[in-house]
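Protein chains: 2
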Amino acid sequence: MVKPMVVRSLHNQVIHELGRQIVSGELKPGDGLPREELLAERMNVSRTALREAMKVLSAKGLIQSRQKTGAHVRETIYWNQLDADVLAWRCASMPTDDFVEKLVEMREIIEPAAGAAAARRRTPEQLARIEAAYAAMAAATDLEEWTEADLAFHEAMLHCTNNELLVSLFSVIETALATYFVLSARTAADFKYSLPHHKKVLDAICRRQPEVARQAMAKMVVDSRSNIRRHAKKKA
Amino acid sequence: MVKPMVVRSLHNQVIHELGRQIVSGELKPGDGLPREELLAERMNVSRTALREAMKVLSAKGLIQSRQKTGAHVRETIYWNQLDADVLAWRCASMPTDDFVEKLVEMREIIEPAAGAAAARRRTPEQLARIEAAYAAMAAATDLEEWTEADLAFHEAMLHCTNNELLVSLFSVIETALATYFVLSARTAADFKYSLPHHKKVLDAICRRQPEVARQAMAKMVVDSRSNIRRHAKKKA
DNA sequence: ATAAAGTATTATGTAGTACAAATAGTGTCG
DNA sequence: CGACACTATTTGTACTACATAATACTTTAT
Chain H
527 MVKPMVVRSL
537 HNQVIHELGR
547 QIVSGELKPG
557 DGLPREELLA
567 ERMNVSRTAL
577 REAMKVLSAK
587 GLIQSRQKTG
597 AHVRETIYWN
607 QLDADVLAWR
617 CASMPTDDFV
627 EKLVEMREII
637 EPAAGAAAAR
647 RRTPEQLARI
657 EAAYAAMAAA
667 TDLEEWTEAD
677 LAFHEAMLHC
687 TNNELLVSLF
697 SVIETALATY
707 FVLSARTAAD
717 FKYSLPHHKK
727 VLDAICRRQP
737 EVARQAMAKM
747 VVDSRSNIRR
757 HAKKKA
Chain G
527 MVKPMVVRSL
537 HNQVIHELGR
547 QIVSGELKPG
557 DGLPREELLA
567 ERMNVSRTAL
577 REAMKVLSAK
587 GLIQSRQKTG
597 AHVRETIYWN
607 QLDADVLAWR
617 CASMPTDDFV
627 EKLVEMREII
637 EPAAGAAAAR
647 RRTPEQLARI
657 EAAYAAMAAA
667 TDLEEWTEAD
677 LAFHEAMLHC
687 TNNELLVSLF
697 SVIETALATY
707 FVLSARTAAD
717 FKYSLPHHKK
727 VLDAICRRQP
737 EVARQAMAKM
747 VVDSRSNIRR
757 HAKKKA
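For the protein sequence lines, the chains are H and G, in the order given. Going by this note's numbering, the first residue of the first sequence is number 527, and it counts up by one from there. Going by this note's numbering, the first residue of the second sequence is number 527, and it counts up by one from there.
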């Protein structure tokens with residue numbers, strides 16, 4: 527979708543192929559995978575490369591392997607849902623309304639709080655980074671430029687919080703925004719319509735007004751939620 | 527500390543040993559690791575096992591390997607800070623005040639919002655799980671029982687939100703609470719003192735009062751923050 | 001002498017074989 | 001019928017060999 531991402535190494539290909547199959551539901555929790563030798567042969571890679579991929583999928587909580595029993599897909603409870611890959615695989619096919627709703631809820635929780643924290647703790651350098659991102663948004667001439675600058679804006683804001691745990695949640699924000707660009711009712715026409723929202727957030731952070739930043743950010747998220755077209759037609 | 531965790535497989539041992547070294551700062555961002563053959567020999571494992579571990583560490587964003595150049599520790603920006611292992615490694619040695627503050631901030635952002643969402647969307651079964659956890663807290667006779675029940679309470683509340691992205695943040699809450707139990711000024715004496723706070727949250731969720739739940743949860747976090755003893759003495 | 005091109009070197013990436021260890025399932029003995 | 005030992009199977013680990021990519025060096029042409 528957004529990332530063409532020609533995966534270089536073999537085991538990375540295996541990670542993404544199996545990861546996609548699991549997260550998409552082709553392989554369901556409880557399902558057993560073929561034994562390594564077979565699976566490796568079937569995917570045209572060596573058992574070595576396959577195993578390296580399996581270890582990574584285990585680390586992401588998607589599978590679990592035991593001797594004799596083999597590898598099984600784990601219950602979704604155990605998945606690292608915040609993992610960037612897992613989120614990406616989940617959005618690889620058209621995401622469900624249900625999931626979009628959950629992404630928006632995460633934004634509603636994280637971003638206003640992050641905006642407030644940013645207004646409190648930002649350094650001049652960090653502020654400059656947001657300003658640069660905002661300038662790029664204002665200067666954008668097409669949707670691609672806008673998207674990139676928009677993501678940079680939100681990431682820069684998270685960095686302003688000086689809390690790397692919040693920064694790590696950018697993978698969620700990124701996924702939410704990317705999904706929004708696909709589902710939004712108006713991006714194509716006037717993709718810059720949310721620029722004033724961003725301006726208010728930027729100004730509040732610049733002036734060190736936490737509560738103003740929180741409110742402005744909350745409004746931006748609510749507004750973007752209302753701009754997601756609810757596609758009642760479920761068919762592909 | 528809390529988890530004795532006798533790591534079974536060899537590559538898991540390698541993952542934890544290298545992960546700990548990196549997160550603790552023994553190996554700094556930019557540092558190059560010895561080449562695989564050497565490192566494997568030095569850790570008394572085969573290159574196979576070592577590589578499986580390296581792939582997992584790569585997936586966690588801690589290292590990056592390229593041909594000829596070898597593996598290097600990545601900048602902390604790229605670390606999956608929300609990964610349960612990374613959080614655990616970070617708290618393996620005594621966590622810094624700075625980091626404790628960041629954990630508390632995460633709780634302040636997540637838990638009140640989660641409490642509100644739980645009050646809105648909980649099912650009877652989910653409520654029963656919180657009630658069970660609360661009962662276990664009330665019945666606890668020692669710190670260990672209390673700790674276990676307390677974690678179960680907070681996890682059950684996250685499940686009530688019906689948002690698996692929020693549930694995945696339990697690794698952060700868990701780390702924060704575990705750290706709190708170590709640093710709290712009063713756990714040893716009267717470890718049950720926060721029971722009333724939990725009762726208020728439980729009641730609000732039971733009665734489907736989102737804002738009440740939010741406030742009660744916010745108070746609990748603020749209260750626990752004030753109960754962390756600030757150990758000015760930095761020496762071990 | 002400098003810069004471009006090509007070659008050598010070296011570390012990771014991949015394949016394949018062999019065996020160790022664990023465990024579900026089976027069979028046997030009391 | 002139950003407990004125990006045995007077997008078969010699958011993952012776990014080790015080792016070897018070679019492919020591939022990227023740096024460093026060397027050669028050559030201007």
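Note that the Cβ used here is the ideal one computed from N, Cα and C, for glycine as well. Quick caveat: nothing in here was measured; it's all calculated off a predicted structure.
Per DSSP, the bridge partner or partners of residue i
{"i": "residue 558 of chain H", "result": "H/598"}
{"i": "residue 589 of chain H", "result": "H/599"}
{"i": "residue 515 of chain G", "result": "Outside the displayed span of chain G (527 to 762) sits residue 515 of chain G, for which this structure offers no information."}
{"i": "residue 572 of chain H", "result": "Answer by DSSP bridge pairing: none, since residue 572 of chain H is not bridged."}
{"i": "residue 710 of chain G", "result": "G/754"}
Cross-chain neighbours of residue i in chain G, by beta carbon under 8 Å
{"i": "residue 698 of chain H", "result": "691"}
{"i": "residue 607 of chain H", "result": "690, 691, 693, 694"}
Buried or exposed (CB count within 10 angstroms, at least 16 for buried), residue i
{"i": "residue 609 of chain H", "result": "buried"}
{"i": "residue 533 of chain H", "result": "exposed"}
{"i": "residue 761 of chain G", "result": "For residue 761 of chain G, the pLDDT reaches just 42, beneath the cut-off of 50, and the residue's location in the model is therefore unreliable, although a value from the coordinates is still provided. Residue 761 of chain G comes out exposed."}
{"i": "residue 551 of chain G", "result": "exposed"}
{"i": "residue 535 of chain G", "result": "exposed"}
{"i": "residue 720 of chain G", "result": "buried"}
{"i": "residue 621 of chain H", "result": "buried"}
{"i": "residue 705 of chain H", "result": "buried"}
Beta-carbon proximity check, residue i vs residue j, cutoff 8 Å
{"i": "residue 677 of chain H", "j": "residue 700 of chain H", "result": "yes"}
{"i": "residue 585 of chain G", "j": "residue 739 of chain G", "result": "no"}
{"i": "residue 713 of chain G", "j": "residue 640 of chain G", "result": "no"}
{"i": "residue 600 of chain H", "j": "residue 590 of chain H", "result": "yes"}
{"i": "residue 582 of chain H", "j": "residue 541 of chain H", "result": "yes"}
{"i": "residue 615 of chain H", "j": "residue 568 of chain H", "result": "no"}
{"i": "residue 707 of chain H", "j": "residue 673 of chain H", "result": "yes"}
{"i": "residue 731 of chain H", "j": "residue 656 of chain H", "result": "yes"}
{"i": "residue 637 of chain H", "j": "residue 747 of chain H", "result": "yes"}
{"i": "residue 680 of chain G", "j": "residue 703 of chain G", "result": "yes"}
{"i": "residue 745 of chain G", "j": "residue 666 of chain G", "result": "no"}
{"i": "residue 675 of chain H", "j": "residue 663 of chain H", "result": "yes"}
Neighbour list for residue i in chain H, Cβ cutoff strictly below 7 Å
{"i": "residue 582 of chain G", "result": "581, 582, 585"}
{"i": "residue 570 of chain G", "result": "Residues of chain H passing the Cβ test: none, with the nearest at roughly 19 Å."}
{"i": "residue 578 of chain G", "result": "577, 578, 581"}
Residue i versus residue j - alpha carbon distance
{"i": "residue 685 of chain H", "j": "residue 652 of chain H", "result": "7 Å"}
{"i": "residue 588 of chain H", "j": "residue 612 of chain H", "result": "9 Å"}
{"i": "residue 698 of chain H", "j": "residue 632 of chain H", "result": "8 Å"}
{"i": "residue 562 of chain H", "j": "residue 565 of chain G", "result": "26 Å"}
{"i": "residue 527 of chain G", "j": "residue 671 of chain G", "result": "Low local confidence applies: a pLDDT of 46 at residue 527 of chain G is under 50, so the model's placement there is unreliable, and no value is given."}
{"i": "residue 751 of chain G", "j": "residue 630 of chain G", "result": "7 Å"}
{"i": "residue 691 of chain H", "j": "residue 607 of chain G", "result": "6 Å"}
{"i": "residue 734 of chain G", "j": "residue 742 of chain G", "result": "13 Å"}
{"i": "residue 579 of chain G", "j": "residue 557 of chain G", "result": "18 Å"}
{"i": "residue 593 of chain G", "j": "residue 635 of chain H", "result": "42 Å"}
Chain G contact residues for residue i, given Cβ-Cβ distances below 7 Å
{"i": "residue 589 of chain H", "result": "Result: empty, since nearest Cβ-Cβ is about 13 Å, beyond 7 Å."}
{"i": "residue 639 of chain H", "result": "635"}
{"i": "residue 713 of chain H", "result": "Result: empty, since nearest Cβ-Cβ is about 23 Å, beyond 7 Å."}
{"i": "residue 745 of chain H", "result": "Within 7 Å Cβ-Cβ: nothing; residue 745 of chain H doesn't reach chain G, min ~17 Å."}
Proximal residues of chain H, C-beta to C-beta of residue i below 9 Å
{"i": "residue 537 of chain G", "result": "581"}
{"i": "residue 554 of chain G", "result": "Ordered by position in chain H, no residue passes the 9 Å Cβ test against residue 554 of chain G, which lies about 16 Å from the chain."}
Listed by chain order, chain H residues near residue i by CB distance under 8 Å
{"i": "residue 632 of chain G", "result": "689, 691, 692"}
{"i": "residue 602 of chain G", "result": "690"}
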